[in-house]
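These notes concern the structure reproduced below.
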């Protein structure tokens, strides 16, 4: 029985958000389709881009998840100094601007990177980071930690009794794997693969820096190139159509899999460590390799950027200001959209499904479509800020809802009857019951949105003219102009800004633990 | 008087029929096997479970059409009776003013209720800093403060040890006496029924039986209850 009538305005707000998302997605797709009818056909290069997009996403997903399994297992069953910090660090690449990570990877694996210097000492020819393996390497850098966290949650959900049972029955490594770990992994791994695959399918910044050329161009990158070098809207449109088709096909296939929660709980439970020196060695080396793989590039970003950060030229600081404006607007939009969809989604299904599919057309497809729509009536450069902010907010929306909706539904399940029996009005229920329960996940979600927006290099490149660049875009220009020192300084600045943005928003919105 | 007039509750393929009267001021236990529908019955009285048929009346006036807060009762659930982010004071104050904007006399009444359940000085604590017994006392302070004529207990003390549970039942008895309230209490422990409730309703096989004097019932239980209690 639902005795409390939710305000009509709330439902209307949710419908409005839904309409905006559907209109932008369909409008962009419609614009793209109408434009692509004029002339252009798919060239062999376009098909190559489509193939490369899928190939690199498959490789990235497979490697990220495969490598994540031993790391997650080691983290699940070992206690050591710095373990908590390492688990937190596993969340960091998610809020790390892609250009910063790429800078760090170049410092290790690039032409003059540490790795090649070491090879040179041994008299071995240097490796090249550019191309398929570079793109996959960068994707693994981002998605290995994400996969570790997802799989770690699978481990945390194995009942402690089962672990103790396996210890008390004297299971060996094989028996434990077969009866305890394998059943859990078959539930968790497909979802993790799907998440990483979907993320890599719309890769732009990584492909822009480490890919390129006929053999390593993703569709998102090809869309940008059609814009930037040829200003061929028809070709961009047909590429966008292809990207949208692949994305939709992947979603349809993967929709059957249950996607794992990207939650933040249950990561500190541990299983009893198995006996045996070999297992110990395996765990220790997995953890050490993962930590090195994540920490060395980031450390190099800090070390190489520090000498240049204060002397950065004026356009970089201007770009920082632009980035802050975009991120502020984006977080505001994200707050409105996720609040409306969460509250309307307490007792309904559609707001959740809609929010999860907020960017069913990829960022570049939306960008292309909006550009085509705006171009005849207004200068797209004037729209760079709102369009980027909106696309960033829509990118973060699925993650925000994944944090907010379960918490909101749990609060409702736990306290709705109490609140009804005491006669709390809808407003009082919101103020005294829901908001205190949602504050922390909301802080996390909006902080994620802030960091994503501050670090995003995406649709902005289609819209912004000189003077309107965001910080990541300005940094990419410095890299393109081989101004290595300034680029390193900008990378450090971007890293600091993204992390500070995350921490600031999380503290400001999330506050302290309300139950303590 | 609480009257359940030919009430039928249907949930999926579960049906419960209830037709009984409880006198004002009575203290009645509800006992029966798990899954028999004790919580469902209480939920229907409190307004959380819809009726398929029949009426629920209090002193002759129909209450099953009212929202939960307008019904003449206070209910304690098995858990989640307190909001974990609010202090003890605020949790009790919700009982006098759901918006927590209290007048001076209202504040005084909250403090008085806390004093009566023995929680003086605990006002600023949060539930996480309380023991199980103190959590129960906080919830009871709110029941005391609301002073509704019917108190419904859906096994709120099930997780407490025997001594603490007995203490809480005595506190309930005191509160009921002070407010001249009727008590309706779900339990799975016949000792609880003996301690607090002179009368008992049995819920089994989709029906309610009673109320019957608790002593008589427990001395010679009908077959369903005997099976549940383990006398055979």
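Residue numbers (the working numbering), protein chains in the order written: chain A, 1 to 516; chain B, 1001 to 1232. Glycine residues also receive a C-beta, built at the ideal position from the N, C-alpha and C atoms. Since the structure is predicted, the reported quantities are computational estimates derived from the model, not experimental observations.
Cα-Cα separation between residue i and residue j, rounded to whole angstroms
i                       : j                       : result
residue 466 of chain A  : residue 105 of chain A  : 28 Å
residue 427 of chain A  : residue 479 of chain A  : 52 Å
residue 1222 of chain B : residue 1190 of chain B : 14 Å
residue 200 of chain A  : residue 485 of chain A  : 29 Å
residue 83 of chain A   : residue 439 of chain A  : 27 Å
residue 265 of chain A  : residue 150 of chain A  : Residue placement at residue 265 of chain A is poorly supported in this model, since its pLDDT is 44, which falls under 50; the coordinates are not used for a value here.
residue 235 of chain A  : residue 446 of chain A  : 36 Å
residue 1020 of chain B : residue 404 of chain A  : 44 Å
residue 1061 of chain B : residue 1071 of chain B : 11 Å
residue 169 of chain A  : residue 160 of chain A  : 14 Å
residue 420 of chain A  : residue 1102 of chain B : 19 Å
residue 111 of chain A  : residue 175 of chain A  : 46 Å
residue 261 of chain A  : residue 155 of chain A  : Unreliable positioning characterises residue 261 of chain A in this predicted model, as indicated by a pLDDT of 49, which lies under 50. A coordinate reading is not provided.
residue 263 of chain A  : residue 400 of chain A  : Below a pLDDT of 50, predicted positions are generally treated as unreliable, and residue 263 of chain A, at 45, falls in that range; no measurement from the model is reported.
residue 382 of chain A  : residue 490 of chain A  : 25 Å
residue 11 of chain A   : residue 349 of chain A  : 13 Å
residue 1112 of chain B : residue 177 of chain A  : 60 Å
residue 414 of chain A  : residue 1081 of chain B : 9 Å
residue 1016 of chain B : residue 96 of chain A   : 58 Å
residue 407 of chain A  : residue 163 of chain A  : 28 Å
residue 1031 of chain B : residue 67 of chain A   : 56 Å
residue 398 of chain A  : residue 326 of chain A  : 19 Å
Contact under 8 Å by Cβ, residue i with residue j
i                       : j                       : result
residue 196 of chain A  : residue 61 of chain A   : yes
residue 495 of chain A  : residue 140 of chain A  : no
residue 351 of chain A  : residue 336 of chain A  : no
residue 1046 of chain B : residue 1066 of chain B : no
residue 1201 of chain B : residue 1042 of chain B : no
residue 394 of chain A  : residue 23 of chain A   : no
residue 240 of chain A  : residue 391 of chain A  : no
residue 90 of chain A   : residue 145 of chain A  : yes
residue 1087 of chain B : residue 1123 of chain B : yes
residue 1194 of chain B : residue 1218 of chain B : yes
residue 1164 of chain B : residue 1121 of chain B : no
residue 72 of chain A   : residue 152 of chain A  : yes
Three-state secondary structure (DSSP) of residue i
i                       : result
residue 1002 of chain B : strand
residue 1054 of chain B : strand
residue 228 of chain A  : helix
residue 186 of chain A  : helix
residue 1092 of chain B : helix
residue 1074 of chain B : strand
residue 1235 of chain B : Any answer about residue 1235 of chain B is impossible in this case: the structure gives chain B only from 1001 up to 1232.
residue 1009 of chain B : strand
residue 265 of chain A  : Summary for residue 265 of chain A: the model assigns pLDDT 44, below 50, so the residue's position carries little reliability, and this model does not support an answer.
residue 180 of chain A  : helix
residue 65 of chain A   : helix
residue 1021 of chain B : strand
residue 1205 of chain B : coil
residue 52 of chain A   : helix
Same chain, Cβ closer than 6 Å to residue i, neighbours up to 5 away in sequence not counted
i                       : result
residue 1005 of chain B : 1054 and 1055
residue 1171 of chain B : 1140
residue 1156 of chain B : 1076
residue 1036 of chain B : 1203 and 1204
residue 268 of chain A  : Bear in mind that the predicted position of residue 268 of chain A carries a pLDDT of just 49, short of 50, making it too unreliable to give a figure here.
residue 202 of chain A  : 220 and 362
residue 371 of chain A  : 380 and 462
residue 364 of chain A  : 220 and 223
residue 374 of chain A  : 380 and 383
residue 93 of chain A   : 142 and 145
Nonlocal neighbours in the same chain, by C-beta distance under 8 Å from residue i, ignoring five residues either side
i                       : result
residue 473 of chain A  : 319, 457, 460, 461 and 464
residue 1216 of chain B : none
residue 214 of chain A  : 45 and 48
residue 313 of chain A  : 486
Same chain, Cβ closer than 7 Å to residue i, neighbours up to 5 away in sequence not counted
i                       : result
residue 1090 of chain B : 1100
residue 396 of chain A  : 334, 448, 449 and 452
residue 1212 of chain B : 1199 and 1200
residue 1001 of chain B : 1021, 1022, 1023, 1024 and 1059
Ordered list of alpha helix (DSSP H) runs contained in the region 121-165 of chain A, each at least 4 residues: 132-157
Report the residue ranges of all beta strand (DSSP E) runs contained in full by the region 406-487 of chain A; include only those spanning at least 3 residues, in chain order. none
Could you pull out every unbroken alpha helix (DSSP H) segment of at least 4 residues lying fully inside the region 2-38 of chain A, listed in chain order? 8-36
Of all the alpha helix (DSSP H) runs that stay within the bounds of the region 268-324 of chain A, which reach a length of 4 or more residues? 277-305
Counting only runs that start and end within the region 81-105 of chain A, where is the alpha helix (DSSP H) found for 4 or more residues in a row? 83-95
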